[in-house]
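This report refers to the structure that appears directly beneath it.
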Amino acid sequence: MAKRTATKIIVFRNPLGYWKVPQTLSAWIQRGDRAARRPGMLGLAVLLAEKAAFEAEVEVGGVPQRRDYAILHGQKRGSFKGSVDAVPPRDEHVIADNTPREGIYILIQATICRRLILRQIFQNPVHNVPAAQCCDICNPKLFDQVRPGKLVRASRQKGIRKGPPVDSVRDALFLWRRNILKTKYPGRYFAANAILDDATCELLASVSPIDAIETPEQLLASSWSRWEDLRRQLFVLKGLDIPALPPPPPRQKRSPPNAGNSRNRSSTSRDLSAAEAPPPATRVSLNA
Ligand SMILES: [Zn+2]
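In terms of full-length UniProt numbering, the sequence shown has 108 at position 108, counting the first letter as 1, and numbering is strictly consecutive.
In structure tokens, the structure reads:
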């Protein structure tokens, strides 16, 4: 019989629910350390770093960076295809007492063994971890265990109509997120805005009809970090009475070219049609 193994995953993110590099290197070490604490246990700690972290200044008064600096320092490593995992070693930064944020950016932008850098910063003893298990620079194949899936372009997100926000829907969303904060996260110190931010409430209140299950999914599945946790609760929206958007105005025929005084005429025709037509419904791209 095959031996069964279990993989435990711990995810840390900031209180607002999005990814950002920790404030200091020691904060990251404390979090990464929790991947495997028992002797004999193996763990992988993955730091998801935003692009700016690969461009952040790591030395006070350092020289200006070249344009491809972030890529040369690992910005695209660990991607789906793995074609840019290898990174040639470059001149490493000098670690000083005034190195910003304890050197977390030095660790992120490293092109040499990351344990070596930690040893220099924290004066750790020499480690005896084999290269195959050391870090992603000593062994880029470690990425194979944590690679993201293929990036799916959000083509099906196009074509949702948007109109003026409906106050009752927005108010219901504000109430909903306050209730979720109270019932699902009691005692937490973040605000209801961290559950579902104001801009998303505004967007959800501006689309119609929202009572179709596809609409919230199209809008939120790839951009809202709490989608998997809270999507079922969000469907309370299905019971809301949301007026349908007015139909889009008919397209105006263009004036024939070379018609006399065409500039003035077309201007008048636009003004009239705007006055007679129902309020326009715009189409939004959800990537915006
Ligand atoms: Zn290493």
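Note that CB positions come from ideal geometry on N, CA and C, so glycine has one too.
query, result
"Three-state secondary structure (DSSP) at residue 207?", "strand"
"Between which two residues does the alpha helix (DSSP H) harbouring residue 179 extend?", "167-184"
"Verify the contact flag: residue 114, CB atom, against every heavy atom of ligand 1, threshold strictly below 7 Å.", "yes"
"Entirely within the stretch 90-143 and at least 4 residues each: give me those alpha helix (DSSP H) ranges in chain order.", "104-108, 114-122 and 131-134"
"Could you tell me the distance, in whole angstroms, from the CA atom of residue 95 to the CA atom of residue 35?", "26 Å"
"Quick check: the Cα distance between residue 229 and residue 205, rounded to an integer number of angstroms?", "21 Å"
"For ligand 1, is there any heavy atom lying closer than 7 Å to the beta carbon of residue 137?", "yes"
"So does the stretch 118-130 actually touch the stretch 171-187, counting three or more Cβ pairs closer than 8 Å?", "no"
"Taking DSSP as the reference, what is the three-state secondary structure of residue 20?", "coil"
"Hey, would you say residue 143 sits closer than 8 Å to residue 78, going by beta carbons?", "yes"
"At the level of alpha carbons, what is the spacing between residue 203 and residue 48?", "28 Å"
"Please report the distance separating the alpha-carbon of residue 20 from that of residue 57.", "16 Å"
"For residue 28, which of 108, 72, 185 and 71 has the nearest alpha-carbon?", "108"
"For residue 188, list the residues DSSP reports as bridge partners.", "Residue 188 pairs with nothing; no bridge assigned."
"Just the C-alpha distance for residue 136 and residue 188, rounded to the nearest angstrom, thanks.", "35 Å"
"Under the three-state reduction of DSSP, which class applies to residue 162: helix, strand or coil?", "strand"
"Below 7 Å, is the gap between the Cβ of residue 201 and the nearest heavy atom of ligand 1?", "no"
"Taking three-plus beta-carbon pairs below 8 Å as touching, is the stretch 114-122 in contact with the stretch 65-85?", "no"
"What is the DSSP secondary structure of residue 216, reduced to helix, strand or coil?", "helix"
"Expressed to the nearest angstrom, what Euclidean distance is found between the alpha-carbon atoms of residue 279 and residue 163?", "Low per-residue confidence applies at residue 279: pLDDT is 37, beneath 50, and the placement is therefore not dependable, though the value from the model is reported in the following sentence. Each residue's alpha carbon lies about 8 Å from the other."
"Look at the alpha carbon of residue 169 and the alpha carbon of residue 197, and state the distance between them as a whole number of angstroms.", "14 Å"
"Can you tell me the Cα-Cα spacing of residue 267 and residue 165, whole angstroms?", "Because residue 267 sits at a pLDDT of 35, beneath the cut-off of 50, its placement in the model cannot be relied upon, and the following sentence gives the value as read from the coordinates. Using only the alpha carbons, I get a separation of about 29 Å."
"Tell me which residue opens and which closes the alpha helix (DSSP H) that residue 72 is part of.", "69-72"
"Considering only C-alpha positions, which residue in the set 150, 25 and 225 is nearest to residue 100?", "25"
"For residue 145, which of 80, 73, 40 and 192 has the nearest alpha-carbon?", "80"
"Can you grab the Cα-Cα spacing for the pair residue 220 / residue 227, in whole Å?", "7 Å"
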